[in-house]
Each structure stands twice: as C-alpha cells, then as structure tokens.
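Take 1 as the starting number for the sequence shown in UniProt numbering and just add one per residue. Positions of the beta carbon are idealized from the N, C-alpha and C atoms, including for glycine.
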Amino acid sequence: MNRFNIPSLSDVTFDQTVPGTELNGVPISKKILVEGNGDCPNEGSNVKYVHQGYYVIEDQDTHERTTVVLDNNALGSNPQEERLKNNNAMFKLCLHSMKAGEKSVFLIPSRFRLGGDVDINFGGNTLIRAGSHTYYWFYCTEVLRNRLKPDNLAQRLEYANLEKCDGTNSYKSGDLKKALYYYQRAKTLLSGKDVNPIIENNPDCKHSIIKLKVPVVTNLVKTLDAKRDYLKAMREAETLLEEIQEHLLAREFVMDDSDKRLMLYGAEMLYLKAKLYRLLPQDQTKDEEEQDMIVMHTANGKELKASRNNLEQCITLLDMDLLKILPQELKVTARIIKEKALVDLKKTNDRIQSNILAQETKSRS
C-alpha cells in the first residue's frame, strides 16, 4: 500500500467492467474500493477527481508477467476538474462510471493505446511505445454538478446560465473550442421544441428566456468571430437581431430596464455584423467555391455597403433612443460602441470611395 492506500495490482480482483469501453473484445476492468453515492455523472457534468497512475508493462494482453514501473505521485498531488463529454477518451470513460465519493482502480488494456505509438512523458519519466503497455489507475471522485434535464423554467434558466458561465471562463482562458461548446449548449437550452411549449401564450416566460438568450448568443457570435468562422457568426447575429426586434416590438408598451439592455445588445450586434461583413473574405472555415463568391461580392462593394448600412443603423439607434433612455450604468458601454462604430464607418466609407476610384481608373484605361 502507498500514501493513497492503493492496493498493488496482485492484490486486486477486477470484478466489473466499464460500460462502453470494449475495444476488440477487451474492456476496461474496474474494482471499487470505496462505494460512492447518487448517480454516475452524465455528459456535461462537472467532476472533481484525484488520480494516481501506475504504468504497467505487459507481455501479453492477458496481463501476465506484469511489472509496475512507475508510481506517479505527480498525478495524484492535486485534485483536478473535468467537464465530461461523450467521447472515447479513456480516463473520461472511467470517470463516467463513478459516483460521488467513489474510489476505484482501473486496468486499462494496451489496445486503448493511450498516447499512441509515440514517446510520452509521464511524471518526468519518458516511456516509449505507449500502445504496448497496460495502465493501472486509481481515481477518487467527487461529482460537483451533474447536468440534468430541466423540469421547469427555473431549472432551464439555471442550467443555461451555468453553461454560459463555463463558456465565459473558457473564453477568458483562451480555450475557444470549449467556449463554443458551452455557449451552444446554453443556446440549445433556451431554444427549440422544448422551449416552445413554455413560452407559447406566456409573455413573461418568453421575456425571461430572451433576457438570457441574448447575451448567450452575443458571446457565441464573439467566439465564432475569434475562431474566424465569420459566415456562421453572421448567421447567428442576423437571427438574434430578428428575435430582439420581434421581442421589443411585442413589449412596446411594457418596456422596462431589461428591455433597454436588450436594445443595447441589438446595437452591439449591428456593430458586430458590420465588422463581420468586412471580415467575410478572410473566413477560414469555408470551401474554395464559397471563398471565391465572398471575395467577388466584396470586390464589387456588396459587403462593404452592407457593413456601412449596419454601422449607420447602430449609430442611429444609439443617437435616437439608447443614450437618452439607458440606465446610467449602461451609458458608458453605449458610448464606447458608438465611438467604435463612428471610427469604423469612416474607414468603411474611405474603402468604398477608394474602390469606386479604382474602378473608374480601370474603366478609363
């Protein structure tokens, strides 16, 4: 036994298998040392865990003549947190099988090929040809938050807000892929067939959902922008603007401060759309034919004119309404958006004029 009270491999009889892990007829084996409580985590759960790895060399897939070559204290020194998704990552499959407070050891066959046939660094030791070894790993887990299907509006808003917060944290840390995943999950909770029965003929419920959905999709657009997926960002922005306009029109006579905040989001989305129009030719996610079409439109001034139109709408909205009626704490944000829009409008007009002059020069030559 060691400081984590992990039994040696020879003392363990693995009496369970981890569901969904069978690979070429051989699953991951498991032995529960301490029983946990509650349900196993599902996709989207947050799990806090401690693990310590033993690296086992094997001669055969039957696990005969095995030798422990590493007690990796580095792995077990600090708790780690993981947001679970449905995938084939070996350690996540192990965590999916555990309840809160459970302690278990796992025997992971060589055919899972952790790391592939390459050198890997494990606790400061270089171990070659990862695919030829078996792993003996210990996990102690505490489920921090299990993602459940919402039963009512309050739960739906709570879960969507948690996804939004995770997205924001991932965005700030520079992990755009994770941020996109969380924002899309939040958007799904606030959209679609599951939401329609809730908001149908119930303006208050619809207002609660749109108040959260607008910042979620705004962040989604910004993340897509950062990932250079400008066309998809544009589509999300256009759909969101339509929803904001429709919602504000329906609340024309009962407008409160939250609606004014939605108007500010609308102005920001107009500004973002204008930016996206100018960036479309640089979209890195589209095939060659789509790229050619986008570049052709831009060369003819269509994207630039659309950008100018959105900037003018943004500035007009801020001039006519928002700066007069916004709560004081939002006026600073509104002024910043307006100043940026004015700068971009001048640059866009200059580019349009430059294109016109270039075309006139070309036609005369």
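Length of the line joining the Cα atoms of residue i and residue j
{"i": "Ser104", "j": "Cys140", "result": "7 Å"}
{"i": "Val18", "j": "Leu249", "result": "54 Å"}
{"i": "Gly25", "j": "Gln16", "result": "15 Å"}
{"i": "Pro203", "j": "Asp256", "result": "14 Å"}
{"i": "Leu357", "j": "Leu272", "result": "27 Å"}
{"i": "Ile325", "j": "Lys260", "result": "7 Å"}
{"i": "Leu264", "j": "Val254", "result": "17 Å"}
{"i": "Leu107", "j": "Leu279", "result": "50 Å"}
{"i": "Ile28", "j": "Arg308", "result": "59 Å"}
{"i": "Asp319", "j": "Val332", "result": "14 Å"}
{"i": "Asp151", "j": "Cys165", "result": "21 Å"}
{"i": "Lys149", "j": "Glu339", "result": "43 Å"}
{"i": "Glu158", "j": "Asn46", "result": "15 Å"}
{"i": "Asn201", "j": "Glu236", "result": "25 Å"}
{"i": "Thr327", "j": "Ser258", "result": "The identity of residue 327 in the sequence shown is Pro, whereas the question assumes Thr. For Pro327 and Ser258, the distance between alpha carbons rounds to 10 Å."}
{"i": "Leu95", "j": "Glu35", "result": "14 Å"}
{"i": "Ser97", "j": "Lys302", "result": "54 Å"}
{"i": "Lys193", "j": "Met234", "result": "23 Å"}
{"i": "residue 378", "j": "Gln245", "result": "Outside the shown range of the chain (1 to 365) lies residue 378, about which nothing can therefore be said."}
{"i": "Lys30", "j": "Cys40", "result": "15 Å"}
{"i": "Lys362", "j": "Asn349", "result": "20 Å"}
{"i": "Glu238", "j": "Leu231", "result": "11 Å"}
{"i": "Tyr49", "j": "Glu102", "result": "10 Å"}
{"i": "Pro197", "j": "Gln359", "result": "54 Å"}
{"i": "Lys206", "j": "Val195", "result": "9 Å"}
{"i": "Glu243", "j": "Ser170", "result": "26 Å"}
Whole-Å CB distance - residue i paired with residue j, under 8 Å assumed
{"i": "Leu220", "j": "Ala160", "result": "With a Cβ gap of about 12 Å, Leu220 and Ala160 do not count as contacting."}
{"i": "Val217", "j": "Leu240", "result": "5 Å"}
{"i": "Leu9", "j": "Tyr136", "result": "5 Å"}
{"i": "Leu323", "j": "Ala334", "result": "6 Å"}
{"i": "Ile352", "j": "Leu304", "result": "5 Å"}
Helix, strand or coil at residue i according to DSSP, with G and I counted as helix
{"i": "Asn42", "result": "coil"}
{"i": "Ile28", "result": "coil"}
{"i": "Ser97", "result": "coil"}
{"i": "Thr316", "result": "helix"}
{"i": "Val195", "result": "coil"}
{"i": "Val332", "result": "helix"}
{"i": "Glu142", "result": "strand"}
{"i": "Thr17", "result": "strand"}
{"i": "Ser104", "result": "strand"}
{"i": "Lys48", "result": "strand"}
{"i": "Asn152", "result": "coil"}
{"i": "Tyr219", "result": "Reading off the sequence shown, one finds Asn at residue 219, where the question assumed Tyr. Of the three classes helix, strand and coil, the one that applies to Asn219 here is helix, per DSSP."}
{"i": "Val214", "result": "helix"}
{"i": "Leu190", "result": "coil"}
{"i": "Leu311", "result": "helix"}
{"i": "Leu224", "result": "helix"}
{"i": "Asn355", "result": "helix"}
{"i": "Leu33", "result": "strand"}
Own chain partners of residue i with C-beta closer than 6 Å, once the 5 adjacent residues on each side are dropped
{"i": "Leu270", "result": "Asn310, Gln313 and Cys314"}
{"i": "Glu268", "result": "Ile337"}
{"i": "Ala226", "result": "Leu176"}
{"i": "Gly38", "result": "Lys99 and Ala100"}
{"i": "Arg185", "result": "Glu163"}
{"i": "Leu180", "result": "Thr223"}
{"i": "His247", "result": "Ile210"}
Burial state of residue i, where buried means 16 or more other Cβ atoms lie within 10 Å
{"i": "residue 366", "result": "Given a span of 1 to 365 for the chain in the structure shown, any question on residue 366 remains unanswerable."}
{"i": "Ala154", "result": "exposed"}
{"i": "Thr316", "result": "exposed"}
{"i": "Glu329", "result": "exposed"}
{"i": "Val214", "result": "buried"}
{"i": "Arg364", "result": "exposed"}
{"i": "Gly266", "result": "buried"}
{"i": "Ser208", "result": "buried"}
{"i": "Asp344", "result": "buried"}
{"i": "Gly174", "result": "exposed"}
{"i": "Gly167", "result": "buried"}
{"i": "Lys187", "result": "buried"}
{"i": "Thr21", "result": "buried"}
{"i": "Ser354", "result": "exposed"}
Close beta carbons around residue i, own chain, < 7 Å, minus the five adjacent residues each side
{"i": "Phe14", "result": "Ser29, Lys30, Lys31 and Leu107"}
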